[in-house]
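J.: Numbered according to the numbering used here, the sequence shown spans residues 218 to 670.
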Amino acid sequence: MGNNYSDITDEIRELTRKCVEHNRIDPELYGKYDVKRGLRDINGKGVLAGLTEISEVRSSVVKDGVSVPCEGELFYRGINVRNIIDGFVKDKRFGFEEIVYLLLYGELPSREQLDDFSRLLGEYRTLPTNFVRDVIMKAPSDDMMNTLAKSILTLHSYDSNANDISLDNVMRQCLQLIAVFPILSVYGFQAYNFYIGRQSFFIHLPDPEKSTAENILYLLRPDCKYTELEARVLDIALVLHAEHGGGNNSTFTTHVVTSSGTDTYSAIAAALCSLKGPKHGGANIKVMKMFDDLKANVRDWNDDEAIEAYLTKLLHKEAFDKAGLIYGMGHAVYSISDPRAKVFRRFVKSLSQEKGLTDEFNLYSKVEELAPKVIAKEKKIYKGVSANVDFYSGFAYSMLGLPMELYTPIFAVARIAGWSAHRMEELINAGKIIRPAYKSVSEEREYTPLSER
């Protein structure tokens with residue numbers, strides 16, 4: 218076998234076949250035992266597993282004792298995200314640092330508090346001596362989420378109080394991780410781009426006076442330059458991705474792992490590994506690739522019939538990756554609308570105008586309009602379907618010149634705010650270790666001695 222870790226031999230294939238043979242579960246059993254697969258019911262409503270004060274994802278309201286779908290809304294600490302964004306955009310401020318403060322501490326900061334908090338993050342925006350050389354530049358991966366997870370776990374070795382889960386220490390760790398996530402992400406990409414992409418290698422030091430969004434563009438670009446609108450759009454993306462209730466996969470992972478009493482670095486690395494999945498944080502990459510395929514197959518972007526035909530082929534598993542999905546459409550909770558997509562859309566439109574890409578934005582708008590009709594016609598659905606935030610985020614990142622390898626890490630740069638808030642919430646309300654039940658449906662058998670097998 219040697220040391221080639223990627224080899225799949227005939228022996229491995231046979232072992233896999235045996236594993237599959239003895240792990241198939243009759244789908245009807247899930248209904249028989251009322252198992253909520255994915256911890257959701259047939260309508261997509263999640264099983265209630267905890268309480269939180271950090272954020273609310275609202276997709277329905279109760280009228281006359283009946284739950285009915287409504288326009289989606291997202292609240293951070295009880296405040297509508299739309300109103301928060303309108304507030305700091307009106308003041309021509311960047312908002313992500315304000316959102317981090319709100320999520321962690323439960324209230325909007327005063328000007329003095331926000332300045333002090335931003336200064337603290339700026340001071341923490343540095344890595345241990347030689348960390349870039351010894352960790353980031355060693356064994357670079359072509360997957361930036363794995364690179365990021367490796368860096369987070371390695372930071373454990375540089376922390377003399379790594380395993381201390383007292384609240385003060387965890388707060389310190391969370392703030393430091395929030396501050397360095399942009400650096401780890403961009404530096405990880407630069408190492409990959411040099412060793413694997415065979416491009417020039419450069420490292421810029423972060424500017425403690427700049428916002429998180431500004432620093433990402435500043436660190437990434439060779440000339441460190443960016444427009445105000447570019448930084449504004451990225452800041453809005455970070456705000457909208459910062460938190461999304463306790464039930465999303467990576468945040469629930471944070472709760473589960475934190476409940477075991479483990480350290481902060483392990484809990485955040487686990488959340489990262491969850492976010493990496495294409496069903497969670499990697500969805501916008503699928504959207505981008507799907508649109509590339511659409512453009513290759515539909516010449517006239519104003520031809521509704523041609524676009525509808527392509528979308529129908531997607532659902533029939535006849536186009537793109539043949540998965541039967543229109544990526545960027547639909548959400549586990551929202552039905553009528555995803556408020557993040559509605560808010561982000563206007564900023565993406567402005568950026569497309571600055572970049573001279575209004576035709577491409579119009580194509581996205583056209584698909585957003587037609588896809589729900591095609592899905593409703595072709596599939597049996599239990600709730601409405603609308604564009605989610607991933608539908609536009611990939612397009613926005615491409616206009617910002619962000620490499621696709623960084624799309625999901627940028628999501629993590631934002632969501633570390635929510636993960637940190639939920640880790641603190643789990644520790645503050647320390648209860649039992651989270652342990653749901655699985656029912657065994659295997660038959661009891663007698664042990665067979667080795668000589669008789």
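Where is the CB? At the ideal position from N, CA and C, for every residue including glycine.
1. Any idea if Leu372 is buried or exposed, counting beta-carbon neighbours within 10 angstroms, 16 or more meaning buried?
2. Is any beta-carbon of chain B found at less than 8 Å from that of Gly494?
3. Please state whether DSSP places Gly162 in a helix, a strand or coil.
4. Identify whether Cys287 lies in helix, strand or coil by the three-state DSSP scheme.
5. Starting from the C-beta of Gln294, find all residues in its chain whose C-beta is less than 6 Å away, skip the five residues before and the five after it, and write them out in chain order.
6. Does the stretch 632–651 come into contact with the stretch 473–484, if we say contact requires no fewer than three beta-carbon pairs (one atom in each stretch) closer than 8 Å?
7. Just reading off the alpha helix (DSSP H) that Arg336 is part of, what are its end residues?
8. Within this structure, are the beta carbons of Leu631 and His497 separated by less than 8 Å?
9. With a Cβ-Cβ cutoff of 8 Å, do Leu434 and Leu455 count as a contact?
10. Contact between the stretch 408–426 and the stretch 349–368 is defined here as three or more beta-carbon pairs at a separation below 8 Å; is this criterion met?
11. CB-CB under 8 Å to Asn605, same chain, minus the five flanking residues each way: which ones, in chain order?
12. In chain order, which alpha helix (DSSP H) runs of at least 4 residues are fully inside the stretch 344–402?
13. Please classify Tyr581: is it buried, with 16 or more other beta-carbons within 10 angstroms of its beta-carbon, or exposed?
14. Taking DSSP's pairing of strands, which residues face Asn297 in a bridge?
15. Less than 8 Å between the beta carbons of His461 and Ser272, yes or no?
16. Do you know how far the Cα of Glu231 is from the Cα of Gly219?
17. Which whole-angstrom value describes the C-beta separation of Phe564 and Ile453, a residue pair presumed to lie in contact below a C-beta threshold of 8 Å?
18. Determine the DSSP secondary structure at Lys506, reduced to helix, strand or coil.
19. Give a yes or no on whether the C-beta atoms belonging to Met505 and Ser615 are separated by under 8 Å.
20. Quick one: what does DSSP say Lys280 is sitting in, helix, strand or coil?
21. Would you check if there are 3 or more beta carbon pairs closer than 8 Å linking the stretch 280–295 to the stretch 427–443?
22. First and last residue of the alpha helix (DSSP H) that includes Glu522?
23. Tell me which same chain residues have a C-beta within less than 7 Å of the C-beta of Leu574, skipping the five on either side of it?
24. Using only CA atoms, which one of Arg299, Leu619 and Ile633 lies nearest to Pro439?
25. Output the boundary residues of the alpha helix (DSSP H) element that contains Val450.
26. Let's test the definition: count the other Cβ atoms within 10 Å of the Cβ of Leu667 and tell me whether it reaches 16, buried, or not, exposed.
27. I'd like to know whether the C-beta atoms of Ala486 and Leu528 end up nearer to each other than 8 Å.
28. Ala654: buried (16+ other C-beta within 10 angstroms of its C-beta) or exposed?
29. Considering only the alpha carbon of each residue, which of Arg342, Arg662, Phe313 and Val278 lies closest to Leu674?
30. In this structure, what does DSSP give as the bridge partners for Ala604?
31. Measure the C-alpha to C-alpha separation of Lys280 and Arg516 and round it to an integer number of angstroms.
32. Along the chain, which unbroken stretches of the alpha helix (DSSP H) at least 4 residues long are found entirely within the stretch 222–275?
33. Does Ser483 come out as helix, strand or coil in the three-state DSSP assignment?
34. When burial is assigned at 16 or more other CB atoms within 10 Å of the CB, is Tyr250 buried or exposed?
T.: The structure says:
1. By 1-based counting over the sequence shown, the position of residue 372 is 155. Result: buried.
2. No chain B is present in this structure, which holds just one protein chain.
3. Since the displayed the chain opens at 218 and closes at 670, residue 162 lies outside it and no answer follows.
4. By one-based count along the sequence shown, residue 287 stands at place 70. Strand.
5. Position 77 of the sequence shown, counted from the start, is the residue given in the question as residue 294. Looking at the sequence shown, residue 294 is not Gln but Arg. If we look at Arg294 and ignore the five residues flanking it on each side, its Cβ neighbours are Leu319 and Gly323.
6. yes
7. Within the sequence shown, the letter at position 119 stands for residue 336. Taken as a continuous stretch (DSSP letters only), the alpha helix (DSSP H) holding Arg336 covers Arg328 to Tyr341.
8. To locate residue 631, count along the sequence shown from 1; it is residue 414. To locate residue 497, count along the sequence shown from 1; it is residue 280. One detail in the question is off: residue 631 reads as Ala in this sequence, not Leu. No, these two residues do not count as a Cβ contact at 8 Å.
9. Numbered from its first residue, the sequence shown carries residue 434 at position 217. Numbered from its first residue, the sequence shown carries residue 455 at position 238. The answer is no: Cβ separation not under 8 Å.
10. yes
11. Numbered from 1 along the sequence shown, position 388 holds the residue referred to as residue 605. Taken in chain order, the residues that qualify are Ala500, Gly545, Met546, Gly547, His548, Tyr551, Asp555, Arg557 and Ala558.
12. Runs of the alpha helix (DSSP H) inside the stretch 344–402: 361–372.
13. Translated into the one-based positions of the sequence shown, residue 581 becomes position 364. Buried, since its Cβ has 16 or more Cβ neighbours within 10 Å.
14. On the sequence shown, position 80 is the one that residue 297 refers to. Residue pairing from DSSP places Asn297 in a beta bridge opposite Phe292.
15. Taking the first residue of the sequence shown as position 1, residue 461 is located at position 244. Taking the first residue of the sequence shown as position 1, residue 272 is located at position 55. Yes; because the gap between Cβ atoms is below 8 Å, this pair is in contact.
16. Translated into the one-based positions of the sequence shown, residue 219 becomes position 2. Translated into the one-based positions of the sequence shown, residue 231 becomes position 14. Reliability fails at Gly219, whose pLDDT of 49 lies under 50, so the model's placement of it is uncertain and no value is given.
17. If you number the sequence shown from 1, residue 564 lands on position 347. If you number the sequence shown from 1, residue 453 lands on position 236. Approximately 5 Å separates the beta-carbon atoms of Phe564 and Ile453; this is inside 8 Å, confirming the contact.
18. Here residue 506 refers to the residue found at position 289 when the sequence shown is read from its first residue. It is helical.
19. Taking the first residue of the sequence shown as 1, we reach residue 505 at position 288. Taking the first residue of the sequence shown as 1, we reach residue 615 at position 398. Yes, the Cβ-Cβ distance between Met505 and Ser615 is below 8 Å.
20. Mapped onto the sequence shown, residue 280 falls at position 63. Lys280 falls in the strand class under three-state DSSP.
21. No: fewer than three Cβ pairs fall under 8 Å.
22. Counting from one through the sequence shown, the residue named residue 522 turns up at place 305. Segment Asp521 to Leu532, the alpha helix (DSSP H) holding Glu522.
23. By one-based count along the sequence shown, residue 574 stands at place 357. Once the five neighbours on either side are set aside, the close Cβ partners of Leu574 are Met616.
24. Position 222 of the sequence shown, counted from the first residue, corresponds to residue 439. Checked all of Arg299, Leu619 and Ile633; the closest Cα to Pro439 is Leu619.
25. In the sequence shown, residue 450 corresponds to position 233, counting from 1. Note, Val450: alpha helix (DSSP H), Glu445 to His458.
26. Here residue 667 is taken as the residue at index 450 of the sequence shown, counted from 1. Flag for Leu667 reads exposed.
27. The count along the sequence shown starts at 1 and reaches residue 486 at position 269. The count along the sequence shown starts at 1 and reaches residue 528 at position 311. Their beta carbons are not under 8 Å apart, which means Ala486 does not touch Leu528 by this criterion.
28. Position 437 of the sequence shown, counted from the first residue, corresponds to residue 654. Exposed.
29. A question about residue 674 goes unanswered here, because the residues of the chain that appear run from 218 up to 670.
30. Stepping through the sequence shown from its first residue, residue 604 is reached at position 387. Per DSSP, Met546.
31. For this step, residue 280 is matched to residue 63 along the sequence shown. For this step, residue 516 is matched to residue 299 along the sequence shown. Taking the straight line from one Cα to the other gives about 46 Å.
32. The qualifying runs are 227–238 and 244–249.
33. As a first step, residue 483 is located in the sequence shown; it is residue number 266 there, counting from the start. Reduced to three states, the DSSP call for Ser483 is helix.
34. Residue 250 sits at position 33 when you count from the first residue of the sequence shown. Classification of Tyr250: exposed, given that the 10 Å Cβ count is below 16.
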